[in-house]
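Just below is one structure, and these are the notes that go with it.
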Amino acid sequence: MQRKTLSFLLANSLAGVFVALLIIFVLSALLSPYFLTSYNISVIARSLAFVGLVTVGQSMLLILGELDLSLGVIGGLCGVVAGILMMSFGINPWIAIFLSLALGAGLGFFNGIMVTQLGLHSLVLTIGTAGIYGGINLVLTKGVAITNIPKEIQFLGRGDVLGVPVPFVVMIVVLAIAAFVTLKTPLGRYIYAIGNNAAAAAMLGIKVNRVRVLVFTAAGTLAALAGLLMVARLGTAQPSIGATWVLPPIAASVIGGVATTGGVGTPVGAILGAAIIAIIENIIVLFGVSPYWQGVVSGVIVVLAISFDAISRRYMRRDI
Amino acid sequence: MAFLEVEGLGRDFPGVRALDNVSLKLELGRVHVLAGENGAGKSTLVKLITGSDPAPTRGRIIIDGKDVAEDPAKFRFIAYVPQELSLFPHLSVAENLFIPYDRADFTGRLISQRALEREAKAYLDRFAITARPSDLVRNISVPDQQLLQIARASTNKHMKVLILDEPTSSLTTTEIERVFNVVRSFRDTGHAIIFISHKMGEVLEIGDDFTVLRNGEKVADGRIADITERDLIRAMSGSELSFEEHFRPTPPAEPPSGPPILEVRGLAGRRFHDISFELRHGEILGFAGLLGAGRSEVMQTIFGYLKARAGTVRLRGHPHTLGDTSHSVNHGLLYLSEERKLHGILPQLSLRENIGISILKQTLARFGISSRRERTLVEAIIAAYDIKTASMDKKISFLSGGNQQKAIIGRAMATSPSVLIFDEPTKGIDVRTKAEIYKIMKRLAESGVGIILISSEMDELRKCASRIVTMYAGRQTGSFDNATTSNETLIGAIFGSGSHSNAA
Numbered sequence: 001m002q003r004k005t006l007s008f009l010l011a012n013s014l015a016g017v018f019v020a021l022l023i024i025f026v027l028s029a030l031l032s033p034y035f036l037t038s039y040n041i042s043v044i045a046r047s048l049a050f051v052g053l054v055t056v057g058q059s060m061l062l063i064l065g066e067l068d069l070s071l072g073v074i075g076g077l078c079g080v081v082a083g084i085l086m087m088s089f090g091i092n093p094w095i096a097i098f099l100s101l102a103l104g105a106g107l108g109f110f111n112g113i114m115v116t117q118l119g120l121h122s123l124v125l126t127i128g129t130a131g132i133y134g135g136i137n138l139v140l141t142k143g144v145a146i147t148n149i150p151k152e153i154q155f156l157g158r159g160d161v162l163g164v165p166v167p168f169v170v171m172i173v174v175l176a177i178a179a180f181v182t183l184k185t186p187l188g189r190y191i192y193a194i195g196n197n198a199a200a201a202a203m204l205g206i207k208v209n210r211v212r213v214l215v216f217t218a219a220g221t222l223a224a225l226a227g228l229l230m231v232a233r234l235g236t237a238q239p240s241i242g243a244t245w246v247l248p249p250i251a252a253s254v255i256g257g258v259a260t261t262g263g264v265g266t267p268v269g270a271i272l273g274a275a276i277i278a279i280i281e282n283i284i285v286l287f288g289v290s291p292y293w294q295g296v297v298s299g300v301i302v303v304l305a306i307s308f309d310a311i312s313r314r315y316m317r318r319d320i
Numbered sequence: 001m002a003f004l005e006v007e008g009l010g011r012d013f014p015g016v017r018a019l020d021n022v023s024l025k026l027e028l029g030r031v032h033v034l035a036g037e038n039g040a041g042k043s044t045l046v047k048l049i050t051g052s053d054p055a056p057t058r059g060r061i062i063i064d065g066k067d068v069a070e071d072p073a074k075f076r077f078i079a080y081v082p083q084e085l086s087l088f089p090h091l092s093v094a095e096n097l098f099i100p101y102d103r104a105d106f107t108g109r110l111i112s113q114r115a116l117e118r119e120a121k122a123y124l125d126r127f128a129i130t131a132r133p134s135d136l137v138r139n140i141s142v143p144d145q146q147l148l149q150i151a152r153a154s155t156n157k158h159m160k161v162l163i164l165d166e167p168t169s170s171l172t173t174t175e176i177e178r179v180f181n182v183v184r185s186f187r188d189t190g191h192a193i194i195f196i197s198h199k200m201g202e203v204l205e206i207g208d209d210f211t212v213l214r215n216g217e218k219v220a221d222g223r224i225a226d227i228t229e230r231d232l233i234r235a236m237s238g239s240e241l242s243f244e245e246h247f248r249p250t251p252p253a254e255p256p257s258g259p260p261i262l263e264v265r266g267l268a269g270r271r272f273h274d275i276s277f278e279l280r281h282g283e284i285l286g287f288a289g290l291l292g293a294g295r296s297e298v299m300q301t302i303f304g305y306l307k308a309r310a311g312t313v314r315l316r317g318h319p320h321t322l323g324d325t326s327h328s329v330n331h332g333l334l335y336l337s338e339e340r341k342l343h344g345i346l347p348q349l350s351l352r353e354n355i356g357i358s359i360l361k362q363t364l365a366r367f368g369i370s371s372r373r374e375r376t377l378v379e380a381i382i383a384a385y386d387i388k389t390a391s392m393d394k395k396i397s398f399l400s401g402g403n404q405q406k407a408i409i410g411r412a413m414a415t416s417p418s419v420l421i422f423d424e425p426t427k428g429i430d431v432r433t434k435a436e437i438y439k440i441m442k443r444l445a446e447s448g449v450g451i452i453l454i455s456s457e458m459d460e461l462r463k464c465a466s467r468i469v470t471m472y473a474g475r476q477t478g479s480f481d482n483a484t485t486s487n488e489t490l491i492g493a494i495f496g497s498g499s500h501s502n503a504a
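As structure tokens, this is what we get:
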């Protein structure tokens, strides 16, 4: 019976990562009296929301067998552009938000077109475009933040809905859509098929390149959305927004069961992975550990997670 | 006395007897030809002789008077040159020649580049390789690469037996002469050479002795001087093909009116040109040829996976758009690749998802894909194609090759195609499942689906095909009615000896 439960957890990586999250959650609650306060939970939820939006996009790309290292700077650039449109050009904030989302979509689309039409490796290409997009950000802002973002949109970053932070609600809605798309629609099946075996997917008549461009575009849009919510939260458009959104979403995806080789995992698992990272970072702060240790700790978590994954796969094979 | 002796050698793999009761004597100073069709057991035998597969199921190998089971060091006398190029493209010619360095007597921690290149020069001259020792291998010509591979094998100072596996497959006539000169010089310096080739002319010119394998068994051996090309081909193909149990579709009672199912005119693409044929109602059209003759390329081009350079395809009389697999699938033209792992299965997904990907139109409900509908339909396909699995949620990689193949056929059939192209559908599949797949093809053809069968096994084509198109080196060399054509004619056509046709 016990063995059966263990097999189920190993076979079902989503259940496994959920149990891991629960354990970490309970441990944190036992270790620190401040952890379960509503203020602290809302802090975690809010910080999870921004990186979570990028994680949803990045995890879909990873399932597809691709990767976009420019998502962080897309978020930063789109936030800054929204700020400039509102403050320097006096454009209606809602229109500015729309234009900035469209810009995010366009930048993601460009990455997708370059990868599919020139047959470039997405890792290499997006290192390059990350440099370009980040550079444009600095050219536009000269590194100075754009302040006095209109109050009317600040609730997007600071507000609550029934006590739940707005960015977190947005992230959950996006995640629900992504989960539906991946699990229940033909597009989702195509994403898994391409990530598993792109040649076989083409042989099945799937328009492989079209799907790839679409997912790159969606990921760029989500990165822009995260950047905009961050601008609303800070009340200023900081050029540095997105600087920490490059590696954590990849780490979160891997912890959550997404294979870097593609074809395996779910966005939900990736968000659970992101939650694990967020809680651990939070508990480090609560314990007053030097923030310099945060990188070490989240690195250790990633290494542990992928080791566990590799070991469980070996265990499964022996079982069969 | 023979330098290398093989006695009653056999090798079993799970479900397959790859080699059985093969005996062979190899003498120094002679060239021994090893002949046989694809899958006859040549590679299995070579792997055992070179020690790269150290576990014969039966029999023994004696090298230099000692059983290698007792003295594996004897394998050092054997050098093997594989058919595919296996050089390091980003290293220099000299480095490629002597890696691993200790084998070529370069010892010590530091290896002088100059000494390496000086030593290399001697080899290059001997093999008439025009490249310089310092050139990167990726920049030198294919014939030079081919010769460099042989040269590399010969840097093994212990070498007594040299095995060449189709060393001339990518060479032209003058370059082949260079290889022959090298082979003769090794023969004259007291080496034994095993020469594997599908080209009959070469075999007769360079060989002294021969052994023919078929279905893992030795079917003939002797001196080359005593035989003709015809004897050799007959031994390879086996003239006593049984036609009792065949799977050819019964032709329809009255010939259907209207255009043929598939009509290909003047098709050309990478590695093939000017292909024209038609696929008629109720028949299985076979495609015969050697590896690399271009059959898969032709079919992948018709399917739209590869780009066409010229030509037209008509599907049931309508012009068919080339270069778009999605268009082909939507119009019922499907291709099942020979490379099941590379082009067929989605390895990390379950059997259900692997089949489900092709029936999304049927399973899509208002709130997304209905798992209930999907399970019902997949269940029906598993039953109809007799796919053996514990559960439809099992990862497809854990199924046997035969069951994976049946799943792929079932998946294709779920879309009710009008043309189905099978590329080596029984590769690596046991005999019983083979027969099941033949029955499926026959049933489909009789129900009006156009079937094209590419196969390297002549036996398979003879059993299943109504007509056979032959190809050689990217050209169409004939089109034959299966029932009225001899094996010799067919084999001649796939080895490129002239153009024939006895059917329109």
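One line per chain: the protein sequences are A and B, in this order.
Under UniProt numbering, the letters of the first sequence match residues 1 to 320, in that order.
Under UniProt numbering, the letters of the second sequence match residues 1 to 504, in that order.
Ideal placement from N, C-alpha and C gives every residue a C-beta, glycine not left out.
(Q) Let me check you understand the geometry: is the CB of ALA483 (chain B) closer than 7 Å to at least one non-hydrogen atom of the ligand MG? (A) Looking at this structure, you won't find the ligand MG or any other ligand, since it has none at all.
- Task: Compute the Euclidean distance between the alpha carbons of TYR39 (chain A) and ARG158 (chain A), then round it to the nearest angstrom.
- Result: Position 39 of the first sequence, counted from the first residue, corresponds to residue 39 (chain A). Position 158 of the first sequence, counted from the first residue, corresponds to residue 158 (chain A). Spanning the two alpha carbons is a distance of roughly 13 Å.
Considering only their Cβ atoms, is the gap separating ALA251 (chain A) from ILE277 (chain A) smaller than 8 Å? Counting from one through the first sequence, the residue named residue 277 (chain A) turns up at place 277. Counting from one through the first sequence, the residue named residue 251 (chain A) turns up at place 251. The answer is yes: Cβ separation under 8 Å.
| query | Which term fits ILE177 (chain A), buried or exposed, when burial requires 16 or more other beta carbons within 10 angstroms of its beta carbon? | reply | If you number the first sequence from 1, residue 177 (chain A) lands on position 177. With fewer than 16 other Cβ atoms within 10 Å, it is exposed.
| message | Between MET60 (chain A) and chain B, is the shortest Cβ-Cβ distance under 8 Å, so that the two count as touching? | response | As a first step, residue 60 (chain A) is located in the first sequence; it is residue number 60 there, counting from the start. No, its Cβ sits nowhere closer than 8 Å to a Cβ of chain B.
Anything in chain A within Cβ reach of TYR305 (chain B), meaning under 7 Å, just list it in chain order. Numbered from its first residue, the second sequence carries residue 305 (chain B) at position 305. In chain order: ALA202 and MET203.
Nearest-angstrom Cα separation, counted from ALA45 (chain A) out to VAL285 (chain A) | For the purposes of this step, residue 285 (chain A) is taken as the residue at position 285 of the first sequence. For the purposes of this step, residue 45 (chain A) is taken as the residue at position 45 of the first sequence. VAL285 (chain A) and ALA45 (chain A): Cα-Cα distance of roughly 15 Å.
Test item: CB-CB of LEU48 (chain B) and LEU9 (chain B) under 8 Å:
Taking the second sequence and counting its residues from 1, the one referred to as residue 48 (chain B) is at position 48. Taking the second sequence and counting its residues from 1, the one referred to as residue 9 (chain B) is at position 9. The answer is yes: Cβ separation under 8 Å.
Subject >> Below-8 Å beta-carbon distance, THR301 (chain B) vs any chain A residue >> reply: In the second sequence, counting from the first residue as 1, residue 301 (chain B) sits at position 301. Chain A contact via Cβ: absent.
- Query: Who are the neighbours of GLN348 (chain B) on chain A, taking C-beta pairs under 7 Å?
  - Reply: Walking along the second sequence from the start, residue 348 (chain B) turns up at place 348. Within chain A, the residues near GLN348 (chain B) are ASN196, GLY263 and VAL264.
task = Find the residues of chain A that neighbour LEU377 (chain B), judging by a C-beta separation of less than 9 Å, and give them in chain order.
result = The residue you call residue 377 (chain B) lines up with position 377 of the second sequence. None at all; the shortest Cβ gap to chain A is about 14 Å.
_Cutoff 8 Å: GLY191 (chain B) Cβ touching any chain A Cβ_ = Your numbering for residue 191 (chain B) matches position 191 in the second sequence. Here the sequence assigns His to residue 191 (chain B), which means Gly is not the residue at that position. No, no contact with chain A.
Put SER350 (chain B) into one of helix, strand or coil per three-state DSSP.
Here residue 350 (chain B) is taken as the residue at index 350 of the second sequence, counted from 1. Reduced to three states, the DSSP call for SER350 (chain B) is strand.
message = Just checking: is the beta-carbon of ILE177 (chain A) within a distance shorter than 8 Å of some beta-carbon in chain B?
response = As a position in the first sequence, residue 177 (chain A) is number 177, starting the count at 1. The beta-carbon of ILE177 (chain A) is placed no less than 8 Å from the nearest beta-carbon of chain B.
**Message:** In this structure, how does DSSP classify VAL264 (chain B) when only helix, strand and coil are distinguished?
**Reply:** For this step, residue 264 (chain B) is matched to residue 264 along the second sequence. Looking at VAL264 (chain B) - three-state DSSP - the assignment turns out to be strand.
LYS151 (chain A), buried or exposed, once every other Cβ within 10 Å from all chains shown has been counted against 16:
Here residue 151 (chain A) refers to the residue found at position 151 when the first sequence is read from its first residue. By the neighbour-count criterion, in which 16 or more other beta carbons inside 10 Å mark a residue as buried, LYS151 (chain A) falls on the exposed side.
- Reducing DSSP to helix, strand and coil, say where ALA305 (chain A) ends up. Residue 305 (chain A) sits at position 305 when you count from the first residue of the first sequence. In this structure, ALA305 (chain A) counts as helix in the three-state DSSP scheme.
inquiry  = Is there a C-beta anywhere in chain A that falls below 8 Å from the one on VAL313 (chain B)?
reply    = As a working mapping, residue 313 (chain B) is identified with position 313 in the second sequence. No - not a single Cβ of chain A is within 8 Å of the one on VAL313 (chain B).
- Grab me the residues of GLU240 (chain B)'s own chain with a C-beta within less than 8 Å of its C-beta, minus the 5 sequence neighbours each way, in chain order. Position 240 of the second sequence, counted from the start, is the residue given in the question as residue 240 (chain B). Reliability fails at GLU240 (chain B), whose pLDDT of 44 lies under 50, so the model's placement of it is uncertain and the value that follows must be treated cautiously. Hits under 8 Å: none found.
Could you give the residue range of the beta strand (DSSP E) that holds ARG118 (chain B)?
Here residue 118 (chain B) refers to the residue found at position 118 of the second sequence. Looking at the DSSP string, ARG118 (chain B) is not in any beta strand (DSSP E); the run it does join, the alpha helix (DSSP H), is 113-126.
Query raised in the report: Helix, strand or coil for HIS327 (chain B) per DSSP?
Result: Looking up residue 327 (chain B) in the second sequence gives position 327. In the structure shown, HIS327 (chain B) sits in a helix (DSSP, three-state: H, G or I).
Bounding residues of the beta strand (DSSP E) (the contiguous stretch that carries VAL208 (chain A)) = On the first sequence, position 208 is the one that residue 208 (chain A) refers to. Note, VAL208 (chain A): premise wrong, no beta strand (DSSP E); alpha helix (DSSP H) at 208-234.
* Asked: Any idea what DSSP makes of ASP135 (chain B), helix, strand or coil?
  -> Indexing the second sequence from 1 puts residue 135 (chain B) at position 135. In the structure shown, ASP135 (chain B) adopts coil according to DSSP, grouped into three states.
_Span of the alpha helix (DSSP H) around TYR34 (chain A)_ = Your numbering for residue 34 (chain A) matches position 34 in the first sequence. Where TYR34 (chain A) is concerned, there is no enclosing alpha helix (DSSP H), given that its DSSP letter is neither H nor E.
- Nearest chain A C-beta to PHE186 (chain B) closer than 8 Å, yes or no? If you number the second sequence from 1, residue 186 (chain B) lands on position 186. Not closer than 8 Å to any Cβ of chain A, the Cβ of PHE186 (chain B) fails to qualify, so no.
Indicate whether at least one CB of chain B lies closer than 8 Å to the CB of ARG158 (chain A). Counting from 1 along the first sequence, the entry for residue 158 (chain A) is found at position 158. Under the Cβ distance rule, ARG158 (chain A) does not count among the residues neighbouring chain B, no pair being separated by less than 8 Å.
Review point. Based on Cα-Cα distance, which residue from B:LYS199, B:ARG184, B:PHE422 and B:GLU374 lies nearest to ARG126 (chain B)?
Key: Position 126 of the second sequence, counted from the start, is the residue given in the question as residue 126 (chain B). Checked all of B:LYS199, B:ARG184, B:PHE422 and B:GLU374; the closest Cα to ARG126 (chain B) is B:ARG184.
**Message:** Taking the alpha-carbon of THR489 (chain B) as reference, which of B:ARG230, B:GLU457, B:ALA220 and B:GLY29 has the nearest alpha-carbon?
**Reply:** Taking the second sequence and counting its residues from 1, one reaches residue 489 (chain B) at position 489. Ranking B:ARG230, B:GLU457, B:ALA220 and B:GLY29 by Cα distance to THR489 (chain B) puts B:ARG230 first.
Report task. Take the Cβ of PHE88 (chain B) as the centre, count every other Cβ of all protein chains shown within 10 Å, and call the residue buried at 16 or more, exposed below. Result -> Sequence index remark: in the second sequence, residue 88 (chain B) carries index 88 (1-based). By the neighbour-count criterion, in which 16 or more other beta carbons inside 10 Å mark a residue as buried, PHE88 (chain B) falls on the exposed side.
- Query: Where does MET471 (chain B) sit, in a helix, a strand or coil, going by DSSP?
  - Reply: As a first step, residue 471 (chain B) is located in the second sequence; it is residue number 471 there, counting from the start. Looking at MET471 (chain B) - three-state DSSP - the assignment turns out to be strand.
Thinking just about the alpha-carbon of each residue, which of A:ILE301, A:THR261, A:GLN238 and A:THR126 is nearest to the one in PRO248 (chain A)? Mapped onto the first sequence, residue 248 (chain A) falls at position 248. Of the candidates A:ILE301, A:THR261, A:GLN238 and A:THR126, the one whose C-alpha sits nearest the C-alpha of PRO248 (chain A) is A:ILE301.
TODO: For ARG316 (chain B), decide whether its Cβ has a neighbour in chain A, counting only Cβ atoms nearer than 8 Å.
DONE: In the second sequence, counting from the first residue as 1, residue 316 (chain B) sits at position 316. No, ARG316 (chain B) lies away from the interface with chain A (no Cβ there is under 8 Å from its Cβ).
Using C-beta distances below 6 Å, list every residue in its chain close to VAL54 (chain A), excluding the 5 sequence neighbours before and after it, in chain order.
Here residue 54 (chain A) refers to the residue found at position 54 when the first sequence is read from its first residue. Closer than 6 Å at Cβ, skipping near neighbours: LEU71, ALA223, ALA226, TRP245 and PRO249.
Query raised in the report: How many whole angstroms separate the CB atoms of PHE480 (chain B) and ILE468 (chain B), which I take to be in contact at a CB cut-off of 8 Å?
Result: Sequence index remark: in the second sequence, residue 480 (chain B) carries index 480 (1-based). Sequence index remark: in the second sequence, residue 468 (chain B) carries index 468 (1-based). Under the criterion of beta carbons closer than 8 Å, PHE480 (chain B) and ILE468 (chain B) qualify as touching, at roughly 5 Å.
- Can you pull the DSSP bridge partners for GLU66 (chain A)? Working through the first sequence from its first residue, we reach residue 66 (chain A) at position 66. GLU66 (chain A) is bridged by DSSP to nothing; it lacks a bridge partner.
Chain B partners of ILE206 (chain A), CB-CB under 9 Å?
In the first sequence, residue 206 (chain A) corresponds to position 206, counting from 1. By Cβ distance, chain B contributes THR325, SER326, VAL329 and ILE357.
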